[in-house]
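Chains as they are written, first to last, in our numbering: chain A, 1 to 123; chain B, 1001 to 1123.
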């Protein structure tokens, strides 16, 4: 099931600095960021193996998740809110604000065979 | 000496996705992002060991670098421009736009003893 991790942020007169070091449950092998999204829906899959950590580091978006039993929506609206998505978490990302930048950290290198597009029956 | 790596970006009707996988010369142990900077100057150090990769994934900023021999300014103004900073690169970051988010990936966990604040003599 998806869950939030709170990231430490150092704020001062020179701005803000948010750190990810040992707060997430995997070493980062790949990362990507999504930006310039209109009213589209992104994602729409789960994984065999990959664990992910998603942070909206500018603007905001919604992650809708289904782990096969529970369905939940998560608001990613602050650079310190990090959503952990486990392999079984079938998720979409939507309602991106115009300025949104969604950073995603992944536990594995890209492998098209690791993606499962079929929805759960409760979807 | 600092140098740019160009990151692959997939652009389409659903927005843009920029990936970092094997393009940078180290595994990512730590990452942080800096945002909400006014007219301040950030950084002002080099390292014993840490290699870094810096990308302005929203807005823009300037990185001024000095490797002890050469001094250069680098404009980070696109999410696909990734600046590699080697341990000997004494650098500052400045001229952040209001919307700037500077993502920095690091090859080592945080260790205060890895920081060298003294400027080079040519500075």
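Glycine residues also receive a C-beta, built at the ideal position from the N, C-alpha and C atoms. Note that the structure is a prediction, hence the values are computed from the model and not measured.
query                                                                                                                    : result
The beta strand (DSSP E) enclosing residue 1030 of chain B, as first and last residue numbers                            : 1030-1035
Under the three-state DSSP convention, the category residue 1065 of chain B falls into                                   : strand
Residue 1067 of chain B beta carbon less than 8 angstroms from that of residue 1089 of chain B                           : yes
Contact under 8 angstroms by Cβ, residue 17 of chain A with residue 1032 of chain B                                      : yes
Contact set between residue 21 of chain A and chain D, taken where Cβ atoms lie within less than 7 angstroms             : Within the model displayed, chain D is absent; protein chains A and B are what it includes.
Interface positions of the segment 57-72 of chain A facing chain B (Cβ-Cβ less than 7 angstroms), listed along the chain : 57 and 58
Any chain A beta carbon closer than 8 angstroms to residue 1049 of chain B                                               : no
CA nearest to the CA of residue 1005 of chain B, picked from B:1094, B:1054, B:1120 and B:1118                           : B:1054
Nearest candidate by alpha-carbon position, reference residue 26 of chain A, set A:19, A:15 and A:51                     : A:51
Nearest neighbour of residue 1096 of chain B, chosen from A:39, A:48 and A:15 [CA to CA]                                 : A:15
8 angstroms Cβ cutoff, residue 25 of chain A in contact with chain B                                                     : no
Per-residue burial, residue 1115 of chain B [other beta carbons within 10 Å of its own, 16 or more giving buried]        : exposed
Option nearest residue 108 of chain A by Cα separation, candidates B:1010, B:1001, B:1020 and B:1102                     : B:1020
Per-residue DSSP class, three states only, for residue 1073 of chain B                                                   : strand
Same chain only: Cβ atoms within 6 angstroms of residue 9 of chain A, ignoring 5 sequence neighbours per side            : 16, 18 and 80
Closer than 8 angstroms to chain B by CB, residue 36 of chain A                                                          : yes
Residue 16 of chain A, DSSP secondary structure in three states                                                          : strand
According to DSSP, residues forming a beta bridge with residue 43 of chain A                                             : A:92
Residues near residue 47 of chain A in its chain [Cβ-Cβ closer than 7 angstroms; skip 5 each side]                       : 87, 114, 115 and 116
Euclidean distance between Cα positions of residue 7 of chain A and residue 13 of chain A                                : 19 angstroms
Cutoff 8 angstroms: residue 1117 of chain B Cβ touching any chain A Cβ                                                   : no
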